[in-house]
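For the sequence shown, my numbering gives the first residue as 811, with consecutive numbering after it. Below is one structure, written out as structure tokens; comments come after it.
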Amino acid sequence: MKILLIDDHALFRAGLRMLLTTICHDATTLEAATIAEGIALTHTHPDLELCLLDLSLKNESGLAAIAALKDAAPQAAVVVVSSADDSATIRACLDSGAMSFIPKSLGPDVLTQALQHVLKGTVYLPEQIVTAVDDEPKRPSLTPRQWEVLHCLSRGLPTKLIAREMNLSEHTVKEHIALLFQALGVRNRTEAVIKGSQYRLLSGPLAP
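Below you can see the structure in the form of structure tokens.
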């Protein structure tokens, strides 16, 4: 697995790199201090699977960086690692296409667990954003297609790539997304990912 680390603090990148190698022994880590360097690396490494992005880069917008990275490497999952952990920031990151959000304030054990989640391709969100959605007593029942769509949304994939991955037309994918929103009782992709995480729908394999 190839992982790109974008953070303007070399010491934090080094610590994260060491932690990643203890969790995933076959991981290859690439490092960048700026968005431009990160974008350049996505072009030279088309097999990049994961990008860990610091939201607070010097003179650069982290939210704009998410969109730029998704454009440059749509197949790579973008995970924000940030010192901010308020609900508005987390939702904005998910709206921009991030797959997960890991606060830098987490203790070593929780940080390790969070990284284990994202390395497996599952979503990690702080507890305050997961529990911010109104609790419902019954776990939603999804069709296999809706499960597939939800997992694609959790990776921040646009409709076009979801259609390609599922071998469906974009129109059909949009219909599946609309039915998924209805089943989850949500209005947009961000709420769908949060709701899916709340009900642990994203923590297992692609099967109901």
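No residue lacks a Cβ here, since even glycine has one placed at the ideal position from N, Cα and C. The structure presented is a predicted model; accordingly, all values stated were derived computationally and were not measured.
{"Query": "Status (buried if at least 16 other CB within 10 Å, exposed otherwise) for residue 960", "Result": "buried"}
{"Query": "Candidates 881, 899 and 833, of which the one nearest residue 811 by Cα", "Result": "833"}
{"Query": "Every unbroken alpha helix (DSSP H) inside the segment 952 to 1005 [4 residues or more]", "Result": "954 to 964, 969 to 976 and 980 to 994"}
{"Query": "Nearest to residue 889 (by Cα), restricted to the options 992, 979, 898 and 935", "Result": "935"}
{"Query": "Residue interval of the beta strand (DSSP E) (run including residue 815)", "Result": "812 to 816"}
{"Query": "Cβ contact check for the segment 964 to 971 and the segment 863 to 874: 3 or more pairs under 8 Å", "Result": "no"}
{"Query": "Reference residue 956; option with closest CA among 856, 928, 993 and 880", "Result": "993"}
{"Query": "Residue 938, buried or exposed, once every other Cβ within 10 Å from all chains shown has been counted against 16", "Result": "exposed"}
{"Query": "Neighbourhood of residue 887 by C-beta, 6 Å cutoff - its chain only, sequence neighbours within 5 removed", "Result": "860, 909 and 965"}
{"Query": "Where the beta strand (DSSP E) through residue 913 begins and ends", "Result": "910 to 913"}
{"Query": "Own chain, CB closer than 7 Å to residue 972, minus 5 neighbours either side, in chain order", "Result": "959, 962 and 983"}
{"Query": "Span of the beta strand (DSSP E), counted from its first residue to its last, around residue 887", "Result": "887 to 892"}
{"Query": "Close-in-space but distant-in-sequence residues of the same chain around residue 831 (CB under 8 Å, 5 per side omitted)", "Result": "837 and 839"}
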